[in-house]
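Protein chains in written order, with the numbering used here: chain A, 1 to 291; chain B, 292 to 365.
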């Protein structure tokens with residue numbers, strides 16, 4: 001088998017192992033969710049074609065290791081009827097990770113699995129200059145580590161202060177974890193620094209008078225993050241987006257930018273080091289019309 | 292009638308709110324209870340009170356702590 005053949009197999013989720021002739025078969029999982037019939041099929045496949053072992057990957061994926069080369073087609077065929085597809089590797093859009101989101105988690109602000117499915121349907125396995133990861137956290141507790149991904153999304157609550165009944169008690173200022181709120185009771189003013197605000201909504205939940213309210217609740221987009229050998233954190237772009245469609249549009253625009261400016265085998269964060277971050281922001285705003 | 296007072300500056304979550312709840316049991320509906328607490332306890336205590344329908348009707352500071360006047364749900 002040639003190196004080119006191995007590369008093609010890898011793109012299709014069949015990764016050559018250190019031991020010759022064996023492969024680890026990556027499966028298609030979205031947001032770490034599997035139905036029990038799928039899990040049963042995966043167990044059966046691992047018993048039949050592997051060594052009865054399943055590997056849970058770092059990004060909510062599932063792999064069946066120790067599959068012989070001559071059994072690769074059979075594994076794929078065996079799993080297909082249960083709705084378990086084979087995954088991807090190489091310069092493609094990778095597994096979309098997600099938490100359980102607002103339908104399950106009391107802290108959730110957005111429906112992360114819903115957006116993950118949408119991104120997956122539209123983009124999974126599509127070619128890009130280098131591997132591209134999307135991760136979705138339902139709130140700013142950020143279990144899915146949005147800033148580690150090429151594009152990360154976080155559920156976010158933007159507060160708005162309304163003056164009429166505010167007693168300037170100082171609770172919001174005291175509970176704000178980033179000291180984004182500056183109160184000056186003397187002038188009857190309260191300022192929220194949007195650059196410091198992390199969208200947790202603590203000021204809203206703890207306001208005794210109800211004068212701190214939600215202005216926006218939605219999707220906050222981070223771009224350019226990665227881990228690996230030289231980790232860097234994604235930075236936020238755009239305002240808080242109100243719908244999953246807007247979040248999707250922003251991801252598509254970021255990808256257009258990457259395809260236009262990225263070099264082969266260059267992670268998106270490195271592309272941004274060359275182009276500068278403002279170039280991405282201008283591009284995405286221009287492309288989507290989003291604030 | 293004097294407003295009953297309680298001090299939870301020595302407690303940590305979740306005992307902070309548990310004690311406030313116990314304190315409120317001694318207060319009639321729409322009666323008030325004054326709670327002395329540390330800054331760290333503000334968020335959880337106030338949000339739990341609001342969730343249960345009580346209201347924080349006054350907030351003041353006292354030597355680095357906060358004093359909440361809590362009005363019990365009707």
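By construction, the Cβ of each residue, glycine as well, lies at the ideal position given by its N, Cα and C atoms.
Local Cβ density within 10 Å of residue i, reported as buried at 16 or more and exposed below that
i	result
residue 191/A	exposed
residue 304/B	exposed
residue 182/A	exposed
residue 189/A	exposed
residue 67/A	buried
residue 195/A	exposed
residue 277/A	exposed
residue 313/B	exposed
residue 103/A	exposed
residue 95/A	buried
CB contact flag (residue i, residue j, <8 Å)
i	j	result
residue 178/A	residue 197/A	yes
residue 310/A	residue 24/A	Residue 310/A lies beyond the stretch modelled for chain A, which goes from 1 to 291, so this question has no answer here.
residue 294/B	residue 321/B	no
residue 244/A	residue 114/A	yes
residue 238/A	residue 290/A	yes
residue 98/A	residue 112/A	yes
residue 93/A	residue 155/A	no
residue 234/A	residue 149/A	yes
residue 211/A	residue 180/A	no
residue 79/A	residue 41/A	yes
residue 265/A	residue 130/A	yes
residue 38/A	residue 83/A	yes
residue 297/B	residue 326/B	yes
residue 236/A	residue 153/A	no
residue 30/A	residue 146/A	no
residue 7/A	residue 87/A	no
Cβ-heavy atom distance, residue i to the ligand MG, below 7 Å
i	result
residue 364/B	Summarising the ligand content, the structure contains no ligands, and the ligand MG is consequently not present.
Pick from the options that is closest to residue i, judged by C-alpha positions
i	options	result
residue 255/A	229/A, 268/A, 78/A	268/A
residue 287/A	240/A, 32/A, 249/A	249/A
residue 27/A	21/A, 45/A, 19/A, 18/A	45/A
residue 208/A	333/B, 365/B, 353/B	333/B
residue 17/A	63/A, 220/A, 141/A	63/A
residue 48/A	125/A, 35/A, 276/A, 76/A	76/A
residue 364/B	339/B, 351/B, 357/B	339/B
Partner residues on chain C for residue i, Cβ-Cβ distance less than 7 Å
i	result
residue 299/B	Reference to chain C is not applicable here, since the protein chains of this structure are A and B.
Inset, instruction - Would you be able to state if there are at least three C-beta pairs under 8 Å between the segment 210-217 of chain A and the segment 155-169 of chain A? - result: With a cut-off of 8 Å, the segment 210-217 of chain A and the segment 155-169 of chain A count as touching, because enough Cβ pairs lie within range.
Inset, instruction - Output the residue ranges of the alpha helix (DSSP H) runs that lie fully inside the segment 74-126 of chain A and measure 4 residues or longer, sorted by chain position. - result: List check, alpha helix (DSSP H) in window: 112-123.
Legend entry - In chain order, each alpha helix (DSSP H) run of at least 4 residues that lies wholly inside the segment 158-214 of chain A: With a minimum length of 4 residues, the continuous alpha helix (DSSP H) runs that stay inside the segment 158-214 of chain A are 171-175, 202-206.
Inset, instruction - For the segment 163-176 of chain A and the segment 203-214 of chain A, state whether three or more C-beta atom pairs, one from each stretch, are separated by less than 8 Å. - result: They touch, by the three-pair rule.
Legend entry - Inter-stretch contact (C-beta, 8 Å, three-pair minimum) for the segment 224-233 of chain A and the segment 266-281 of chain A: Contact between the segment 224-233 of chain A and the segment 266-281 of chain A is present, with at least three C-beta pairs closer than 8 Å.
Legend entry - the segment 128-140 of chain A touching the segment 272-290 of chain A, judged by at least three CB pairs closer than 8 Å: Too few Cβ pairs lie closer than 8 Å, so no.
Legend entry - Entirely enclosed alpha helix (DSSP H) segments - the segment 15-68 of chain A, minimum 4 residues: Taken in chain order, the complete alpha helix (DSSP H) segments of 4 residues or longer contained in the segment 15-68 of chain A are 36-49.
Inset, instruction - Ignoring anything shorter than 3 residues or poking outside the segment 298-350 of chain B, list the beta strand (DSSP E) runs there in chain order. - result: Within the segment 298-350 of chain B, the runs of beta strand (DSSP E) at least 3 residues long that lie entirely inside it are, in chain order, 323-328.
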